[in-house]
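Here is the structure we will look at.
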Amino acid sequence: MRLAILDDDREMCADVAASMRVAGHACYEFHSGEALRRALRRESYDLLLLDWEVPDLSGIDLLAWARSTLPSPPPVIMMTGRASDGDIIHGLDTGADDYVTKPVDAGVLRSRVEALLRRSYGRATAPRVEAFGDLVFDPMAMTVTVRGEPVELTAKEFGLALLLFRNLNRPLSRAHIMETVWGRNPEIPSRTLDAHVSQIRGRLGLRPEQGLRLASVYSFGYRLEQVAAVTMEG
Numbered sequence: 011m012r013l014a015i016l017d018d019d020r021e022m023c024a025d026v027a028a029s030m031r032v033a034g035h036a037c038y039e040f041h042s043g044e045a046l047r048r049a050l051r052r053e054s055y056d057l058l059l060l061d062w063e064v065p066d067l068s069g070i071d072l073l074a075w076a077r078s079t080l081p082s083p084p085p086v087i088m089m090t091g092r093a094s095d096g097d098i099i100h101g102l103d104t105g106a107d108d109y110v111t112k113p114v115d116a117g118v119l120r121s122r123v124e125a126l127l128r129r130s131y132g133r134a135t136a137p138r139v140e141a142f143g144d145l146v147f148d149p150m151a152m153t154v155t156v157r158g159e160p161v162e163l164t165a166k167e168f169g170l171a172l173l174l175f176r177n178l179n180r181p182l183s184r185a186h187i188m189e190t191v192w193g194r195n196p197e198i199p200s201r202t203l204d205a206h207v208s209q210i211r212g213r214l215g216l217r218p219e220q221g222l223r224l225a226s227v228y229s230f231g232y233r234l235e236q237v238a239a240v241t242m243e244g
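In this text, residue positions in the sequence shown follow this note's numbering: the first is 11, and each later residue adds one.
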């Protein structure tokens, strides 16, 4: 999972990131609230870890902005030295999903992160088969069927299609998609992603008449969304 961590204490930020990387997550460190806000306009993350008190744009203000502005805001854990009931209530009422007080215990934070990711995205362990309407994915065999008929996909096409279906109706940035499907810092042309999107759109029938739209999100990435099926009258 992709985690964005905001803390103006660089050492604290690095420690949290190191702890989360041990758990297998890709971590992106930010020391300015404005820098993270700019990143959120062009990137997608699976979870935000926000320090409350950041000088330029506080974590609580960034949280409020994300909840009111982003089309699909990620879950948020606040990290702060504020421990009063009033502060906790304010953080949760603003939209935080969880709250940890500083100094942050690495083991407790990892447990909170994993629990929130499970609640938000499910699949603590990938099931044998995942069904999305008429489409059935078998992640172990890397096969997919549409209305019972097998559809031939390459390994990358399969990974891309499953990622999009697991995040149905959620916009995913190009970097998010490419890192998940091709690995960190993939040295491939950007048009490679576009070609794979075109392939799976055609092979899986991801079109409005089938109740699905695989659309580009301008200057951001792609979103697979459910739509009312379009019937063709002759």
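The C-beta atom is built at its ideal place from N, Cα and C for all residues, glycine as well. The model shown is predicted, which means the values in this text are computed figures rather than measured ones.
*Buried or exposed: M252, going by 16 or more other Cβ atoms within 10 Å of its Cβ?*
Since the first residue of the chain shown is 11 and the last is 244, residue 252 is not available in this structure.
*Are L46 and L72 touching if we call contact CB-CB under 8 Å?*
yes
*Residues near G244 in its chain [Cβ-Cβ closer than 8 Å; skip 5 each side]*: Summary for G244: the model assigns pLDDT 45, below 50, so the residue's position carries little reliability; its value from the coordinates is reported in the next sentence. If we look at G244 and ignore the five residues flanking it on each side, it has no Cβ neighbours.
*Does DSSP put L13 in a helix, a strand or coil?*
L13 falls in the strand class under three-state DSSP.
*For L127, collect the residues of the same chain with a Cβ closer than 8 Å to its Cβ; drop the 5 residues on either side in sequence, then sort them by chain order.*
M11, D56, L57 and P85
*Going straight from the alpha carbon of I24 to that of V156, what length do you get?*
Looking at the sequence shown, residue 24 is not Ile but Ala. Each residue's alpha carbon lies about 45 Å from the other.
*Do G43 and L13 have their CB atoms nearer than 8 Å?*
no
_Give me the residue from L216, L224, P181 and R217 with the minimum Cα distance to F230._
Ranked by Cα distance from F230, the first of L216, L224, P181 and R217 is P181.
_Inside the segment 76-120 only - beta strand (DSSP E) runs reaching at least 3 residues_ = 86-90 and 108-111
_Opposing strand residues paired with V156 [DSSP bridges]_ = L145 and E159
*Determine contact between the segment 187-206 and the segment 139-146, defined as no fewer than three beta-carbon pairs at a distance below 8 Å.*
no
_Alpha-carbon spacing of T79 relative to L50, whole angstroms_ = 10 Å
*Leaving aside the five residues before and after E39 along the sequence, list all residues of the same chain whose C-beta is less than 7 Å from its C-beta, in chain order.*
Listed in chain order, the non-local C-beta contacts of E39 below 7 Å within the same chain comprise I15, C23, A24 and A27, local neighbours out to five positions each way being set aside.
*With a threshold of 16 other CB atoms inside 10 Å of the CB of V32, please say whether the residue is buried or exposed.*
exposed
*Could you pull out every residue in the same chain whose Cβ sits closer than 6 Å to the Cβ of E235, ignoring the five residues on either side in sequence?*
N179 and R223
*In terms of residues, what are the limits of the alpha helix (DSSP H) holding Q209?*
S200 to R213
*asked:* If contacts are defined as beta-carbon pairs under 8 Å, then D115 and M89 qualify, I think. What distance do you get, rounded to the angstrom?
replied: About 11 Å separates the two Cβ atoms, so there is no contact after all.
*From V110 to T164, what distance separates their C-alpha atoms?*
42 Å
*asked:* For a test of the three-state rule: what should DSSP assign to V7, helix, strand or coil?
replied: Past the boundaries of the shown model lies residue 7; the chain is included only from 11 to 244, so the question cannot be answered.
*Thinking C-beta only, is M30 closer than 8 Å to V123?*
In this structure, M30 lies closer than 8 Å to V123 by Cβ.
*Tell me whether F168 sits in a helix, a strand or coil according to DSSP, three-state version.*
In the structure shown, F168 sits in a helix (DSSP, three-state: H, G or I).
*Would you mind reading off the limits of the beta strand (DSSP E) that contains L178?*
Run containing L178: none; DSSP gives neither H nor E here.
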